[in-house]
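To keep things clear, I will list the structure first and then write my remarks on it.
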Ligand code: ASP
């Protein structure tokens, strides 16, 4: 891992880049405003798993994507090659192959991608049997007039596109966790939704307390975004979604404007965390619009988190102190190259929330800026 940079240092560095890249040339008062595109130092950012998993190979997601971008590859192709490492790694249980299954024990995957210069997008949701949903999302973008295919239709499309369809994307670990969860929520009865969600939450909490389930295991996604040397902005998000979700549940990850949004002239934002909270505000869209109005990546994302906080009113979703009792993180890059990782809680379950970055200085994990500080411990 590269040198750790303090948050202040990187915000400052990003701001300097931003000013340099956006400074407009002096023009006579009557001249029309001309937007001059300047070269941007390439950058790739991702959720922290983007600089953790290697699937047995030499590089992490952000390293792979950055290397490909600087070698001249299309930015979206490079980002997707990066997230493929995470999707295919069986030890990352929140993304792709070996992702945690839904309540019926079936791995259902969601993904979307966007290409700034081409102004194209594609997505898939509740896709079964394909390890790399990001590549199917790209195929939707490239081969159809549509932006989102779901369920059986998405799988049929993937088959037609030549993707291998597997019967089961569980690994022994993901199946074992699901079996334990199922055993605890009484598979003999379909409880009413309220009781069922309480039973599911109680089972999960007990499994965490007993050390059978990672405290962060409920969620897991990778979002990866990049800006190429010519300012080309792209992004991709891919996930197995909420662990043990109701079959067919789709979160924010494959939804344009929620799990990912970009404007080639402004910037890109993507997310991980509680999808329902993000969907209620379409935060990635909101963040890009905030940047269009002049806010930097950090402030734009903090504004989105403030709105999520305001809209979180149900008791079951609140801490005893009345704040959102869940995590939500945004990964944001402005077209200038300025970037930020911004999160609801800076530390959850004793772990600092980080995000991954790769620039010409190499890859590193940086602390996310947080809206609310550390999650209160009981
Ligand atoms: N946002 C994802 C979802 O709600 C989960 C995650 O990011 O971990 O499906």
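Numbering (the numbering used here), first residue to last: 87 to 464.
Backbone N, C-alpha and C fix where the C-beta goes; we use that ideal spot for every residue, glycine too.
Assuming residue i contacts residue j (C-beta within less than 8 Å), just tell me the rounded distance between them.
i	j	result
residue 309	residue 348	Not confirmed; about 11 Å, so no contact.
residue 165	residue 322	5 Å
residue 394	residue 410	6 Å
residue 324	residue 133	That pair is no contact at about 10 Å.
residue 182	residue 195	6 Å
residue 412	residue 359	7 Å
residue 320	residue 200	6 Å
residue 224	residue 208	6 Å
residue 128	residue 146	About 16 Å separates the two Cβ atoms, so there is no contact after all.
residue 222	residue 213	6 Å
residue 455	residue 384	6 Å
residue 287	residue 270	At roughly 11 Å, the Cβ-Cβ gap does not stay under 8 Å, so residue 287 and residue 270 are not in contact.
residue 343	residue 371	4 Å
With burial defined as no fewer than 16 other Cβ atoms inside 10 Å of the residue's Cβ, what is the status of residue i: buried or exposed?
i	result
residue 291	exposed
residue 123	With a pLDDT of 48 at residue 123, under the threshold of 50, the modelled position of this residue cannot be trusted; read the value that follows with caution. It is exposed - the Cβ of residue 123 has fewer than 16 other Cβ atoms within 10 Å.
residue 251	exposed
residue 95	With a pLDDT of 36 at residue 95, under the threshold of 50, the predicted position of this residue should be treated as unreliable, though the coordinate-derived value follows. Result: exposed.
residue 444	buried
residue 205	exposed
residue 353	buried
residue 232	exposed
residue 376	buried
residue 109	Confidence is the limiting factor: at residue 109 the pLDDT is only 32, short of 50, which leaves the residue's position unreliable, though a coordinate-based value still follows. Burial call: exposed.
residue 450	buried
residue 448	exposed
residue 332	exposed
residue 462	exposed
residue 117	With a pLDDT of 43 at residue 117, under the threshold of 50, the predicted position of this residue should be treated as unreliable, and no value is reported.
residue 318	buried
residue 357	buried
residue 397	exposed
residue 379	exposed
residue 434	buried
residue 241	buried
residue 457	buried
residue 399	exposed
residue 107	The predicted model places residue 107 with a pLDDT of 33, which falls under 50 and marks its position as unreliable; any figure quoted below should be read in that light. Label assigned to residue 107: buried.
residue 219	buried
residue 152	buried
residue 459	exposed
residue 340	buried
residue 446	exposed
residue 422	buried
residue 177	exposed
residue 253	exposed
residue 296	exposed
residue 229	exposed
Flag residue i as yes when its Cβ comes closer than 7 Å to any non-hydrogen atom of ligand 1, and as no otherwise.
i	result
residue 234	no
residue 325	yes
residue 392	no
residue 328	yes
residue 338	yes
residue 180	yes
residue 398	no
residue 186	no
residue 359	yes
residue 356	no
residue 307	yes
So what does residue i bridge to, in DSSP terms?
i	result
residue 309	323
residue 206	201
residue 416	357 and 428
residue 445	448
residue 166	Looking at the DSSP assignment, residue 166 forms no beta bridge with any residue, so it has no partner.
residue 235	210
residue 131	311 and 443
residue 347	355
residue 219	Per DSSP, none; premise fails for residue 219.
residue 438	433
residue 404	410
residue 460	433
residue 455	428
residue 195	213
residue 342	346
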